[in-house]
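In structure tokens, the structure reads:
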């Protein structure tokens, strides 16, 4: 028989991605064994994050400050804006260190199956950021998934920005670094062949 | 029980953390769903994109169960049209129409063949005209075909120019003139007159959309899929299709 508070903790932890009731029980037992070193700091960090972290009203990133650290960073190039689906994609690009401009998080993609249209995404704010008066964005980079929904969203944005004089580009699709052709799926090979460039 | 069949992916919805419920249009088993374990993983997600042709294996304890699916990619039609917004919209519309309109687990080999032919034709120049013809054939296969062979009013001395929204039969130019506000325009390329073009495709999409909605979606209290509406919108004068063709 598990005590009420522990049962509640196990229930909540088992709702997290990747955790089920069994792994939640193991995590709770581990936390109880390391009460001072892990459990209390974790509880404190979670409470602090829940209180301070918000969505950046400019780009949609998660941060303790609004605007977020990326939007406030003067070293970043304000002429470049990279559009991503969600914060996880923003973090992935930041890990790569390949991009030094600003971001815009859409919060998903257009989806015929889920009935998600432009109004359900952070689309109006994007258009305002890019085409509003006094804005100096020169290039919008669409870093969206190579899926039907991702590319439908990319086409939608590029059509909305057509005629605004802003360059719209998107990430290449093709052979990954370290990838061998023999192991690639047909779709990736087809996309790579179509997007070939002079050597 | 277990079967293997050729199939085209119509849709994949996330189920839980890693699985997906995938809808397929199979050659011999009709529209059929199944659970794909790990269907949301990076390795498998590319296979379960709408419009891909796959080799499917379904297994379940009883035939009425959801069962589980395993698919192997045969051809990625999605990758072929990913760069073209119009063709991608057509692919999305076709799969959404099949998913929304076809009865589940009722074999329609002609629908499978038709969708396969459409996906093959999407790389060609006249893909939009083919799309309109595909929707006509799709309606016919499901029992709601239009009769475009002769004038419903019996006038045979001039060209067929309209379709009656009530009967689904063609009406000639002279017989339909007094009622033209109530009739649906019939694009010439559907009766062997002219080659099409964006304006004719727009008329064709409005025509087939009307009957799809009336016969296949409204009876189930559903609207035309958003992807189908977006395709039709692209062919309106300010809809933004980049496809070449006379207006």
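Chains as they are written, first to last, in our numbering: chain A, -7 to 191; chain B, 12 to 258. Cβ coordinates follow ideal geometry from the N, Cα and C atoms, glycine included.
May I ask you to report which of helix, strand or coil DSSP gives residue i?
i, result
"residue 95 of chain A", "strand"
"residue 182 of chain A", "helix"
"residue 26 of chain B", "strand"
"residue 78 of chain A", "coil"
"residue 15 of chain B", "strand"
"residue 48 of chain A", "coil"
"residue 162 of chain A", "strand"
"residue 137 of chain A", "coil"
"residue 164 of chain B", "coil"
"residue 257 of chain B", "Here residue 257 of chain B scores only 45 on pLDDT, less than 50, and its place in the model is too uncertain to base an answer on."
"residue 106 of chain A", "coil"
"residue 194 of chain B", "coil"
"residue 252 of chain B", "coil"
"residue 34 of chain B", "strand"
"residue 187 of chain A", "coil"
"residue 39 of chain A", "helix"
"residue 58 of chain A", "coil"
"residue 59 of chain B", "coil"
"residue 4 of chain A", "helix"
"residue 206 of chain B", "coil"
"residue 174 of chain B", "strand"
"residue 79 of chain B", "strand"
"residue 111 of chain A", "helix"
"residue 92 of chain B", "helix"
"residue 117 of chain B", "coil"
"residue 173 of chain A", "helix"
"residue 132 of chain A", "strand"
"residue 217 of chain B", "helix"
"residue 90 of chain A", "coil"
"residue 20 of chain B", "strand"
"residue 201 of chain B", "helix"
"residue 4 of chain B", "Because chain B spans 12 through 258 in this model, residue 4 of chain B falls outside it and cannot be assessed."
"residue 67 of chain A", "coil"
"residue 73 of chain B", "coil"
"residue 159 of chain B", "coil"
"residue 181 of chain B", "strand"
Terminal residues of the continuous alpha helix (DSSP H) containing residue i?
i, result
"residue 188 of chain B", "From DSSP, residue 188 of chain B is part of no alpha helix (DSSP H); its letter is neither H nor E."
"residue 106 of chain B", "96 to 112"
"residue 15 of chain A", "13 to 25"
"residue 144 of chain A", "140 to 153"
"residue 122 of chain B", "120 to 132"
"residue 150 of chain B", "138 to 152"
"residue 31 of chain A", "Per DSSP, residue 31 of chain A belongs to no alpha helix (DSSP H) and is neither H nor E."
Specify, as a first and last residue, the run of the beta strand (DSSP E) that residue i falls within.
i, result
"residue 43 of chain B", "41 to 47"
"residue 233 of chain B", "Looking at the DSSP string, residue 233 of chain B is not in any beta strand (DSSP E), and its letter there is neither H nor E."
"residue 68 of chain B", "64 to 70"
Review point. How about the region 168 to 187 of chain B and the region 134 to 145 of chain B: do they share at least three Cβ pairs that are nearer than 8 Å?
Key: no
request  = Could you name the residues of the region 223 to 239 of chain B whose beta carbon sits closer than 7 Å to any beta carbon of chain A, in the order they occur along the chain?
outcome  = 236, 237, 238
Practice task
Using a Cβ-Cβ cut-off of less than 7 Å, list which residues of the region 82 to 115 of chain A approach chain B; keep chain order.
Solution key: 104, 105, 107, 109
For the 8 Å Cβ check, are there 3 or more pairs between the region 98 to 105 of chain B and the region 229 to 238 of chain B?
yes
Of all the residues that make up the region 132 to 143 of chain A, which are near chain B by a beta-carbon distance shorter than 7 Å?
-> 138, 139, 140, 143
* Got a sec: which bits of the region 175 to 187 of chain A sit with their beta carbon under 9 Å from any beta carbon on chain B, in order along the chain? -> 177, 178, 179, 180, 181, 182, 183, 186, 187
Any residues in the region 6 to 21 of chain A with a beta carbon nearer than 8 Å to a beta carbon of chain B? Which ones, in chain order?
9, 10
Counting Cβ pairs closer than 8 Å, one from the region 77 to 96 of chain B and one from the region 169 to 185 of chain A, do we hit at least three? Under the three-pair Cβ rule at 8 Å, the region 77 to 96 of chain B counts as touching the region 169 to 185 of chain A.
query: If contact means a Cβ-Cβ distance below 8 Å, which residues of the region 90 to 101 of chain B contact chain A?
result: 90, 91, 93, 94, 96, 99, 100
**Prompt:** Can we say the region 25 to 34 of chain B touches the region 45 to 53 of chain B, given the rule of at least three CB pairs closer than 8 Å?
**Reply:** Remark: three or more beta-carbon pairs, one from each stretch, lie closer than 8 Å, so the region 25 to 34 of chain B and the region 45 to 53 of chain B are flagged as touching.
### Query
Does the region 144 to 162 of chain B come within contact of the region 112 to 125 of chain B, defined as at least 3 CB pairs closer than 8 Å?
yes
- [ ] Flag this pair as touching only if the region 72 to 87 of chain A and the region 33 to 42 of chain A have three or more C-beta atom pairs under 8 Å; answer yes or no.
- [x] no
Q: Taking 8 Å as the threshold, find out whether the region 128 to 141 of chain A comes into contact with the region 54 to 73 of chain A through three or more Cβ pairs.
A: Touching, per the Cβ criterion.
Give, in chain order, every residue of the region 40 to 74 of chain B whose Cβ lies closer than 8 Å to some Cβ of chain A. 56, 57, 58, 60, 61, 62, 63
Decide yes or no for the touch test of the region 162 to 176 of chain B against the region 67 to 82 of chain B: beta carbon pairs closer than 8 Å, at least 3 of them. Fewer than three pairs of CB atoms, one per stretch, sit closer than 8 Å, so the region 162 to 176 of chain B makes no contact with the region 67 to 82 of chain B.
query: Are the region 65 to 77 of chain B and the region 148 to 167 of chain A touching by the rule of at least three beta carbon pairs closer than 8 Å?
result: Touching, no, given that fewer than three Cβ pairs across the two stretches are closer than 8 Å.
**Message:** For the region 184 to 218 of chain B, list every residue whose C-beta sits within 7 Å of some C-beta in chain A, in sequence order.
**Reply:** none
Report yes or no: do the region 90 to 110 of chain A and the region 137 to 146 of chain A share at least 3 C-beta pairs separated by less than 8 Å? yes
Requested in this report: Assess, as a yes-or-no matter, whether the region 33 to 43 of chain B is touched by the region 118 to 138 of chain B under the definition of 3 or more beta carbon pairs within less than 8 Å.
Outcome: A contact is defined here as three or more CB-CB pairs under 8 Å, and the region 118 to 138 of chain B meets this definition with respect to the region 33 to 43 of chain B.
request  = Taking a Cβ distance cut-off of 7 Å, strictly less, list which residues of the region 142 to 157 of chain A are near chain B, in chain order.
outcome  = 143, 144, 147, 151
Output, in sequence order along the chain, the residues in the region 105 to 128 of chain B whose CB is closer than 9 Å to any CB in chain A.
-> 106, 107, 110
field: Interface positions of the region 15 to 28 of chain B facing chain A (Cβ-Cβ less than 7 Å), listed along the chain
entry: 22, 24, 28
TODO: Give, in chain order, every residue of the region 74 to 87 of chain B whose Cβ lies closer than 7 Å to some Cβ of chain A.
DONE: 84, 86, 87
Chain A contacts made by the region 146 to 163 of chain B, where a contact means CB separation under 7 Å: none
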